[in-house]
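Student: Quick note on numbering that gives the first Met the number 0: the sequence shown kicks off at 0 and runs consecutively.
We treat Cβ as the ideally placed atom computed from N, Cα and C, and that holds for glycine.
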Amino acid sequence: MNRSHEAEARALWKQCFGDSDAYLDLFFSKLGGDDTTFLYNAGGKAVGHLQLLDVAFASRAHLYPANYVFAACTHPDYRGRGVMKELLHEALRKGRERGDICSFIIPAEEWLYDYYTRVAGYAEIIGGSRTQDERVALDEENLECTAPTLIDYLCEVERTSGGTRLVHTKPFLEAVVVDFETGHDRFVWEHRNGDGLVSGAVFVIEREDGLYVDTLFGAREARKALLERLKERAKDKPITYDLNPQSSQEQYTHGMIRILDLPAFFRSLALQYPKLCMSVAFHDDLFPENSGVYEFIDGTVTIKPLTKDTSNVIHSMRQLFSTLSHACSLPFSCRLSLLFDR
């Protein structure tokens, strides 16, 4: 990465988030680059920054290119001047140009959910379910898979897991593992089978009021062994498990999604819900190429242009997902886990 750009990004990042040099060294050694770092300059210096990280959006057995917007920040003296709006639009256009189907972001504060909706068209999504019932955590087992290293195992288990989910790149997983291995309030354990191969893993955040399992991987035997260790560590403190979205458990909003290529996204939806039969008209201010009347019939999607006579046109992603959730008889969800919380 261009050294001057990295220095500017690091300086603004530290000012806004207060992270250590060690944390920034980890991030820029694994993930930061000229193609992921977006800076907004004013007065001869960088006053806005964000990272556009490669991920994949998984729907059933299909993987689609996507991105995760991370560490979005503006210099305190330049807030309220549209800096972040310009940066987000630039980054999202870049993402669409390179073929990303959608973009994810996790707002650092509650008020930012409304902000990202207004300036960039993001919509809230259900990112998982939460329980303190160990039996539920055990029942959510993955397909049996093994690998010689933790990173190789994580790549394989993410690729083969079911449901709608975000899938990380290998460098992303490497950075996350180091973050959990070195963080003072978090840790990661792996489980190895009788052959010495990794067959499970658990990522945990440790707080005063208990342990919070961010992610648990493995078939039932591996999960059981990991949770037995975890109960010994927790002693009398409660353990809370974040799991895939389940209607029977407490669901929570964790993050937002912005569709960048609506025709491709709708085709993925038609594969997931082949019996879906509906028509939806949508207008996208940021990406006019997404605008149109979409008709779902027998697992296929046809697109017609909007006209002045088109009625009931939807103008926001939030309203669009509300319509889709009603049509599919369940809220749209996507498991979001193992993401840096900045």
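Would you kindly check if the distance between the Cβ of Cys-101 and the Cβ of Phe-27 is under 8 Å?
Tutor: No Cβ-Cβ contact shorter than 8 Å links Phe-27 with Cys-101.
Student: Would you check if the distance between the CB atom of Ile-124 and the CB atom of Phe-331 is smaller than 8 Å?
Tutor: It is a contact, given that the beta carbons lie within the stated cut-off.
Student: For Ser-198 and Ser-328, I'd like the C-alpha separation in whole angstroms.
Tutor: Taking the straight line joining both Cα atoms gives about 35 Å.
Student: Should Ala-174 be labelled buried (16 or more other beta-carbon atoms within 10 Å of its own) or exposed?
Tutor: buried
Student: Identify which residue in Cys-72, Gly-127, Leu-62 has its Cα closest to the Cα of Thr-36.
Tutor: Cys-72
Student: Anyone know if the C-beta pair for Arg-152 and Met-255 falls short of 8 Å?
Tutor: Arg is not the amino acid found at residue 152; the sequence shown has Tyr there. Going by C-beta atoms, Tyr-152 is not nearer than 8 Å to Met-255.
Student: Is the stretch 0-7 touching the stretch 137-157, taking contact as three or more C-beta pairs under 8 Å?
Tutor: no
Student: Give the C-beta separation of Leu-11 and His-61 to the nearest angstrom, bearing in mind that I take them to be a contact with Cβ-Cβ under 8 Å.
Tutor: Not a contact, Cβ separation roughly 37 Å.
Student: Buried or exposed: Arg-95, going by 16 or more other Cβ atoms within 10 Å of its Cβ?
Tutor: buried
Student: In whole angstroms, what is the alpha-carbon distance linking Glu-89 and Arg-134?
Tutor: 45 Å
Student: Measuring alpha carbon to alpha carbon, tell me which of Ala-65, Lys-234, Ser-324 ends up nearest Gly-98.
Tutor: Ranking the options by Cα distance to Gly-98, first place goes to Ala-65.
Student: Drop a sphere of 10 angstroms on the beta-carbon of Pro-287, count the other beta-carbons inside from all chains shown, and report buried for 16 or more, exposed for fewer.
Tutor: exposed
Student: Is it true that the stretch 295-307 meets the stretch 265-274, where meeting means three or more beta-carbon pairs spaced less than 8 Å apart?
Tutor: The stretch 295-307 and the stretch 265-274 touch, with no fewer than 3 CB-CB distances between them shorter than 8 Å.
Student: Using the C-alpha atoms, what's the distance from Ile-302 back to Leu-242?
Tutor: 36 Å
Student: Relative to the alpha-carbon of Gln-245, which residue among Lys-307, Glu-220, Ala-136 has its alpha-carbon at the smallest distance?
Tutor: Among Lys-307, Glu-220, Ala-136, the Cα nearest to that of Gln-245 belongs to Ala-136.
Student: Per DSSP, what are the beta-bridge partners of Val-46 in this structure?
Tutor: Paired residues: none, contrary to the question.
Student: Residues in the same chain with beta-carbon distance under 6 Å from Leu-87, minus the five sequence neighbours each way, listed in chain order, please.
Tutor: Ala-119
Student: Nearest by alpha-carbon distance to Phe-264: which of Arg-59, Ser-19, Lys-13, Val-46 is it?
Tutor: Arg-59
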